[in-house]
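Accompanying notes for the structure given below.
In my numbering, the protein residues as written are 29 to 286.
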């Protein structure tokens, strides 16, 4: 079918907290491609290359790569192997990646000949791009547990020079922190805040309690604060926002009972 007839557009945009180069690999690497479509899905990342999608429940889609411009744009035809509701080659998917302050903005446009078929795919793309965002985030933020432990380690470090060096490497310069005792804006403020913690509560340590949970660049971890004598001083939960390159951008802390 001539592309000039594909006048009915489905557009959707999502923001992913990951570098654009990594995001683009999920459109060109078969293993990553299959991770958000389904086992057995493949893609040949070249003009004229075959696109194949096998959804988990067995539905199959085939197409052909029309354009691939790393790491900015990929376009491919999309149609069902069964021929219904879209024949092979009878729709066109274009995905563009834009660098954004918080990561990568993914812009999808799916062109159809029939508005009813377009409408039928709205929820499908909402769901599929959600799976995609999670697949990318799992790889981009595979180090979330390490970042969280380094955060708690910095809070527990009594040596100011070692602590400062660790914090500089771990957090964004625009780091913010909010909890029952903190309203921190920026790296210098955080460094001074940690110095005060060790001045007024010498020997205090902070440690993770349980597994780190991470979803699309947001991580949650429980913690226990212990005094110099080893007695528990408090416990709670921190919510971390991570940058596209895995640094800590913001922390919100919740003390149990406060």
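Cβ atoms here follow ideal geometry from the backbone N, Cα and C, with glycine treated the same way.
The segment 255 to 264 makes no contact with the segment 52 to 61; the number of CB pairs closer than 8 Å stays below 3.
When secondary structure is reduced to three states using DSSP, residue 175 falls in the helix class.
With contact defined as three or more Cβ pairs closer than 8 Å, the segment 173 to 191 and the segment 78 to 93 are not in contact. Close CB contacts of residue 108 within its chain, under the 6 Å cut and outside five residues either way in sequence, are with 89 and 114 (chain order). In the pairwise beta carbon analysis, the segment 197 to 205 is classified as not touching the segment 241 to 253: fewer than three pairs are separated by under 8 Å. Beta-bridge pairing by DSSP links residue 124 to 101 and 135. The DSSP-derived three-state label of residue 106 is coil.
By alpha-carbon distance to residue 251, the top candidate from 243, 126, 191 and 178 is 178. Residue environment analysis places residue 112 among the exposed positions, since fewer than 16 neighbouring C-beta atoms fall within 10 angstroms of its C-beta. Setting aside the 5 residues that flank it on each side, residue 205 is surrounded in the same chain by 212 and 279, each with a C-beta closer than 6 Å to its C-beta; the list follows chain order. Separation of residue 164 and residue 227 (C-alpha to C-alpha, rounded to the nearest whole angstrom) is 41 Å. Sixteen is the threshold: since fewer than 16 other Cβ atoms of the shown chains lie within 10 Å of the Cβ of residue 223, the residue is exposed.
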